[in-house]
Amino acid sequence: MLSEVEWQAIAISLKVAGSAVGWIMLPGVAIAWLLARHEFRGKTLLDSLLHLPLVLPPVVVGYLLLISLGRQGWLGQWLDSLFGITLPFTWQGAAIAGGVMAFPLLVQAVRLSLEAVDPKLEAAASTLGAGRWRVFFTVTLPLTVPGLLTGTVLAFARALSEFGATITFASNIPGQTRTLPLALYTLIQSPGKEAAAARLCVISIVIAMLSLVISQWLSRHARRRLRERDG
Amino acid sequence: MLDVDKRLGDFTLKASMTLPANGVSALFGVSGSGKTSLLRLIAGLDDPDAGVIRIGTQTLVDSRRGICVPAHRRHLGVVFQEARLFPHYRVRGNLSYGMRPAARARFDSIVELLGIEALLDRFPGTLSGGEARRVAIGRALLTEPRLLLMDEPLTGLDGARKQELMDYIVRLARDIDIPIVYVSHDPDELAAIADYLVLMEHGRVIDHGRLDQLLMRFELTEYLGGFDAVSVVTATIVAHDDDYALTQLSLADGQRLILPIVNEPVGTPLRLRIPARDVALALSPPEHISYRNKLDAVIERVGTLDRRRSAVEVSLRIGSQVLRARLTRKSHDEMGLKEGMPVVALLRSVAFDTRR
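Top line first, the protein sequences correspond to chains A and B. The first sequence begins at 866 in our numbering and counts up one residue at a time. The second sequence begins at 1026 in our numbering and counts up one residue at a time.
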């Protein structure tokens, strides 16, 4: 039903978006917790910096990644010489780009639901003998699950649709970094490929719909469970 | 043992006292008097600016030596005003959250004591206010605390539920061997539960001592607010009269009292609460009177209340116990009451709790 090229684009897209969400999960939750539960100097600055990818043109983000993580970039040089890791023009690079773009969405969703967790419950847990980590993993985090789910799906969708930062930082290499949006773009650029472009367009819509449906189902399920518990 | 200072904005809390190592010690005061703040300091939920907190020989806080044990290592049980159950755990999960392995054997007996067997598989969101608080008490008890702190656990419950939970707490204080620090602003509650009383106002401790002794102090009447009119006396059940549905009690000096039937076996000690305004005095035993409860007493002290020029407070000695009576100054003058005079005390009402 689908051509090999189409399968390839889908596989790369899912791999890139999945890895993007994977790597931002831990720092995302940590920073959301920091913002939700702590007051510190430079909080507003950090908050603004986090939201930058939402308002900057994605190409600018991609360019910034290229000059910092590129082979000549200060971080890129270091990564290359120490670990032999090269990010630009690889699918890992695309995952970094997608993750950076999706990061604020994840942080925002997790932060909101962390703020909704009653600190009194955490205080109660500590009087029951639970140390800081146990309180976090047995009380705070479980109560954040609905927000975590929403944030994850949002971030996944964002990484999946990422175009500007990806093409700038990871380029458009067939079989490597050519995700669905990039493949579609390539087809639109070549004359006589309208039918193939239309097919990719439909595939994109189907994937987007699927993730929306899954996210709705998950959040409804999570909310229903909480409601059941609230009688 | 407690000696702490704490500044919270423009409110300062200063407390220095030693509480008894068993029984129920109550922190009493109007809201804003600092009793909950003091409880939070003991629990380790706030740190004092300076001071010392010790339980027995263990130091929890000593600002001079730089000691401040974090809340989760203090082994204190805290029952908050709201139950604060974890919504994502069932009742069973909540109960075992902080359970010490050594307490596993006591799980069933504590569950039974609190009457929460039927709730174990439910989620907290489905519990009523009273049920949730009983679970919260069980959850705290199963951590095998050295001290149980209770912050107004009856607030917000309606009359019947409140009485029900109060009965559970009274039974618990009787059956378990853990000292309790109980915060409340409700005199009725404390008269039923407390053994020891700490009076607080504006972040200061005004006085502290055994409940029955503090209640006899006229000069504290104003601070005691709603307490102003209760005496606490202990008595033992000696007989039941099923025909008339009455129970006969004996005071420590052998004098008898009659109450509507009490469903407790003979020999059970009761704690009686007698409002001062429900005690009338007579110079000789009156005849043809419907009052069943007449006690021989000796006037120990006569005092006046600053706020009420019309009233006089009299403390009466009945054997080793003391009873307070309130009468009008006019009656006092007409009867010529003096300290050391024998009188008959007539009791119009007596409330009781099964409390040793």
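Built from N, CA and C at the ideal position, the CB exists for glycine as well.
Run through the DSSP bridge pairs and tell me what residue i is partnered with.
| i | result |
| --- | --- |
| residue 1265 (chain B) | B:1272 |
| residue 1102 (chain B) | B:1173 |
| residue 1326 (chain B) | B:1340 |
| residue 1234 (chain B) | B:1222 |
| residue 1051 (chain B) | B:1207, B:1222 |
| residue 1370 (chain B) | B:1306, B:1320 |
| residue 1377 (chain B) | B:1297 |
| residue 1093 (chain B) | B:1086 |
| residue 1346 (chain B) | B:1343 |
| residue 1260 (chain B) | B:1276, B:1295 |
| residue 1229 (chain B) | B:1039, B:1226 |
| residue 1351 (chain B) | B:1338 |
| residue 1255 (chain B) | B:1300 |
Does the distance from the CB of residue i to the CB of residue j come in under 8 Å?
| i | j | result |
| --- | --- | --- |
| residue 1050 (chain B) | residue 1219 (chain B) | yes |
| residue 1214 (chain B) | residue 1191 (chain B) | yes |
| residue 1208 (chain B) | residue 1082 (chain B) | no |
| residue 972 (chain A) | residue 897 (chain A) | yes |
| residue 1158 (chain B) | residue 1178 (chain B) | yes |
| residue 1068 (chain B) | residue 1197 (chain B) | no |
| residue 1320 (chain B) | residue 1286 (chain B) | no |
| residue 1225 (chain B) | residue 1052 (chain B) | yes |
| residue 1144 (chain A) | residue 953 (chain A) | The question about residue 1144 (chain A) has no answer here: the residues shown for chain A are numbered 866 through 1096. |
| residue 1076 (chain A) | residue 1021 (chain A) | yes |
| residue 1017 (chain A) | residue 894 (chain A) | no |
| residue 1073 (chain A) | residue 1030 (chain A) | no |
| residue 1087 (chain A) | residue 1014 (chain A) | yes |
| residue 1328 (chain B) | residue 1338 (chain B) | yes |
| residue 1322 (chain B) | residue 1297 (chain B) | no |
| residue 938 (chain A) | residue 888 (chain A) | no |
| residue 1210 (chain B) | residue 1091 (chain B) | no |
| residue 1301 (chain B) | residue 1368 (chain B) | no |
| residue 1362 (chain B) | residue 1318 (chain B) | no |
| residue 1073 (chain B) | residue 1094 (chain B) | no |
Closest by CA to residue i, which one among the options?
| i | options | result |
| --- | --- | --- |
| residue 1176 (chain B) | B:1059, B:1047, B:1370 | B:1059 |
| residue 1105 (chain B) | A:1067, A:965, A:992 | A:992 |
| residue 1186 (chain B) | B:1153, B:1040, B:1142 | B:1153 |
| residue 1162 (chain B) | B:1189, B:1359, B:1194 | B:1194 |
| residue 1316 (chain B) | B:1282, B:1139, B:1094, B:1118 | B:1282 |
| residue 880 (chain A) | A:1088, A:955, A:892 | A:955 |
| residue 1109 (chain B) | B:1155, B:1086, B:1329 | B:1155 |
| residue 1257 (chain B) | B:1299, B:1294, B:1263 | B:1299 |
| residue 860 (chain A) | A:970, A:1005, A:1033, A:1006 | Since the first residue of chain A shown is 866 and the last is 1096, residue 860 (chain A) is not available in this structure. |
| residue 882 (chain A) | A:1059, A:1049, A:1058, A:1045 | A:1045 |
| residue 1292 (chain B) | B:1310, B:1314, B:1264 | B:1264 |
| residue 1267 (chain B) | B:1084, B:1279, B:1289, B:1103 | B:1289 |
| residue 1357 (chain B) | B:1336, B:1235, B:1087 | B:1336 |
| residue 1040 (chain A) | A:878, A:1012, A:1003 | A:878 |
Taking the alpha helix (DSSP H) that residue i belongs to, which residues open and close that run?
| i | result |
| --- | --- |
| residue 1132 (chain B) | 1132 to 1138 |
| residue 1051 (chain A) | 1045 to 1054 |
| residue 1283 (chain B) | First-last for residue 1283 (chain B): 1281 to 1285, but that is the beta strand (DSSP E), not the alpha helix (DSSP H). |
| residue 881 (chain A) | 869 to 902 |
| residue 1199 (chain B) | 1184 to 1200 |
| residue 1018 (chain A) | 1006 to 1026 |
| residue 1037 (chain A) | Unbroken run through residue 1037 (chain A): none, as it is neither H nor E. |
| residue 1156 (chain B) | 1154 to 1166 |
| residue 985 (chain A) | 984 to 992 |
| residue 1119 (chain B) | 1116 to 1121 |
| residue 968 (chain A) | 956 to 980 |
| residue 942 (chain A) | 939 to 948 |
| residue 912 (chain A) | 908 to 920 |
| residue 1127 (chain B) | First-last for residue 1127 (chain B): undefined, no H or E at that position. |
| residue 923 (chain A) | 923 to 934 |
| residue 1067 (chain B) | 1060 to 1068 |
| residue 999 (chain A) | 997 to 1000 |
Counting pairs of beta carbons, one from the stretch 1334 to 1353 of chain B and one from the stretch 1302 to 1316 of chain B, are three or more of them closer than 8 Å?
-> Output reads yes: the stretch 1302 to 1316 of chain B touches the stretch 1334 to 1353 of chain B.
Pair every Cβ in the stretch 1087 to 1100 of chain B with every Cβ in the stretch 1153 to 1173 of chain B, then say whether three or more of these pairs are closer than 8 Å.
-> Cβ pair count under 8 Å is three or more, so yes.
Inter-stretch contact (C-beta, 8 Å, three-pair minimum) for the stretch 1052 to 1062 of chain A and the stretch 1036 to 1044 of chain B = For the pair of segments examined, the stretch 1052 to 1062 of chain A was found not to touch the stretch 1036 to 1044 of chain B: the number of CB pairs separated by less than 8 Å stays below three.
Say whether the stretch 893 to 912 of chain A touches the stretch 1023 to 1034 of chain A, bearing in mind that this needs 3 or more beta-carbon pairs closer than 8 Å, one atom from each stretch.
-> The stretch 893 to 912 of chain A, when compared against the stretch 1023 to 1034 of chain A, does not touch it at the 8 Å Cβ threshold.
Could you tell me whether the stretch 981 to 997 of chain A touches the stretch 917 to 931 of chain A, where touching means 3 or more Cβ pairs closer than 8 Å?
-> With a cut-off of 8 Å, the stretch 917 to 931 of chain A and the stretch 981 to 997 of chain A do not count as touching, because too few Cβ pairs lie within range.
Could you say if the stretch 1266 to 1278 of chain B and the stretch 1225 to 1238 of chain B meet the contact criterion of at least three C-beta pairs nearer than 8 Å?
-> Taking 8 Å as the limit for Cβ pairs, the verdict is that the stretch 1225 to 1238 of chain B does not touch the stretch 1266 to 1278 of chain B.
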